[in-house]
Amino acid sequence: MSSAATIEASPCAPQGRWERATSVAAFLVPALALWLPSGYSWGALLLLLLALANLHHWPRTLPRLSAGSWLLAAAILAMGLMWAIQADAQAGSARWDRFSKYALALPCLGYALAHPPSAQALEKGLLAGCLGAGGIALWQVYGLGMARAAGHTNAIQFGNLALLLAVLAGIVLACHYQRLRPGMRLGLVLAIGAAFGASVLSLTRGGWLALLLLPLLAWPVLRLPGRQPARASRTVWLARPWAALLLVLLVPLAVSLPQVVQRLQLMGTEVAAYQAQGDASTSIGHRLEHWRLAWHMGQQKPWLGWGDAGYKQEKLRLAQAGQFDINTTYFDHAHNEVLDLFSKRGLLGVALLLAFYGVPLALFWPSRRRQAALLAAAPPPWQQAQWWALRLMGSAIVLMYIGFGWTQVFFAHNSGTMFYLFMLILCWAALCRLERRA
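For what it's worth, the numbering used here labels the leading residue of the sequence shown as 17, then goes sequentially.
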């Protein structure tokens, strides 16, 4: 729900101590994500500790969970089991590292649904997270003289997650724009600019492709059912906050425009070199060669893939045989989420990945049926705005991750896995809380 400090006259139902503690975790996940070492884990750890401390209560609420909550839990569990079953048996305890993140997310989901956070905690966390990302990016590039901002992870992960924070904060601003007080409105605009600037300073190119999927979010808004303003009025209503956002995003982009233009020109040169000469020594050529290799290996074992150990061995054999560039052996993933799973886990892995994307997207998507149900319940305007914010945020997380996965295996990194799991869990729990009280 929306904070009385940020949204005018927004009544808020009282929270118990467990709900307040969950709200602290919901604040910490986005707030600390990029400007502290493993910052994305602090809120998740608190949520896990709360789930363990509350074991006397939340498991008894499981029979009352909605079908959507069970579907989300099933998608998380299936993805975790895939990593455990098909991981390299010789990796020892590291084999269970990925699985543990998914397994431990399940009690956190059950607890968060029993004691849901307030949406305002997520919103404030996004504000702090955006400012933190922008601050550390400025310090690293202009204070330390680093070529690319990387936070406490690598530049690609940092830049992509900073871009996602900016988008999520932009959704909050757009949905609450009419009710936000001027100070909070300005704060969000500055925070969005800071996070977007952090992404620009990371010089990450592939993540920007994810922005191409965001226009899909305008489709349900433009098809609002029931007693809504005319289409032209809706377009104007949408355009005002997004026009303001565009202006503030142009500032960091303009400051770093020479570097951005240089990177884009370099991208075109590298693509041309790969197409003409098969040059895989460049960043883009390296990715294209990885994609070709992963597609070739996936076709050889299309159902279950090669597994982690088999992937490395076969890739080395093919590279030594001269069929693919030797530089591909320096990385253990294919720089594409779908192709990486196709080569290692086959079509089964691809199907589980699509479910891991598709289930949350289907749960959060503001369909006409859900919009009609919201209008029939006739909640106050601030609550409708909050409903839209949570649904669009959940949808945006999935869409952006799909876009990130075009050029990066995002779930191969702790930051990518943890942020996806726990932001979706917290957004879903906050949405369920809101809909129960609507």
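We put the beta carbon where it would ideally sit given N, CA and C, even for glycine.
8 angstroms Cβ cutoff met for residue i and residue j
i              : j              : result
isoleucine 418 : tyrosine 373   : yes
glutamine 31   : serine 134     : yes
tryptophan 74  : alanine 83     : no
glycine 141    : alanine 60     : no
glycine 213    : alanine 130    : no
methionine 51  : alanine 149    : The question names methionine, but residue 51 in the sequence shown is tryptophan. In contact: tryptophan 51 and alanine 149 (Cβ atoms closer than 8 angstroms).
cysteine 534   : leucine 87     : In the structure displayed, the chain extends from 17 to 454; residue 534 sits before or after that span and is not available.
isoleucine 92  : tyrosine 118   : yes
methionine 439 : isoleucine 413 : yes
alanine 337    : alanine 128    : no
tyrosine 56    : alanine 49     : yes
alanine 137    : leucine 181    : no
tryptophan 34  : asparagine 70  : yes
leucine 204    : leucine 143    : yes
proline 376    : arginine 407   : no
alanine 89     : leucine 437    : no
leucine 184    : methionine 409 : yes
threonine 423  : asparagine 352 : yes
Between the CA atoms of residue j and residue i - distance to the nearest angstrom
i              : j                 : result
leucine 320    : tyrosine 327      : 12 angstroms
glycine 223    : isoleucine 172    : 8 angstroms
histidine 349  : alanine 310       : 9 angstroms
cysteine 191   : alanine 405       : 6 angstroms
glutamine 402  : phenylalanine 347 : 42 angstroms
serine 19      : leucine 379       : Residue placement at serine 19 cannot be trusted, given a pLDDT of 38 that sits under 50; the coordinates are not used to answer.
histidine 72   : leucine 363       : 41 angstroms
arginine 361   : arginine 308      : 17 angstroms
glycine 314    : methionine 416    : 25 angstroms
tryptophan 322 : glycine 365       : 11 angstroms
Coarse secondary structure for residue i, derived from DSSP in three states
i              : result
serine 57      : helix
leucine 309    : helix
leucine 320    : coil
leucine 196    : strand
glycine 167    : coil
alanine 214    : helix
glycine 337    : Here residue 337 is alanine; the residue named in the question, glycine, does not match the sequence. Coil.
tryptophan 444 : helix
valine 425     : coil
leucine 62     : helix
threonine 220  : coil
leucine 71     : coil
methionine 95  : helix
asparagine 352 : coil
glycine 362    : helix
glycine 81     : Rather than glycine, the amino acid found at residue 81 in this sequence is leucine. Correct three-state label for leucine 81: coil.
tryptophan 51  : coil
proline 236    : helix
glutamine 329  : helix
methionine 162 : coil
threonine 433  : helix
Contact test: residue i Cβ vs the ligand NAP heavy atom, cutoff 7 angstroms
i             : result
aspartate 348 : Looking at this structure, you won't find the ligand NAP or any other ligand, since it has none at all.
C-beta neighbour in chain D for residue i, strict 8 angstroms
i           : result
leucine 227 : Note that chain D does not occur in the displayed structure, where there is just one protein chain.
Legend entry - Cβ contact (3+ pairs, closer than 8 angstroms) linking the segment 217–237 and the segment 167–184: yes
Inset, instruction - Count the CB pairs spanning the segment 155–163 and the segment 198–208 that are closer than 8 angstroms, and state whether there are at least three. - result: no
Legend entry - Cβ pair count under 8 angstroms reaching 3, the segment 337–352 against the segment 388–397: no
Inset, instruction - Kindly provide the ranges of any alpha helix (DSSP H) runs that are 4 or more residues long and lie completely inside the segment 374–423, ordered along the chain. - result: 384–393, 397–420
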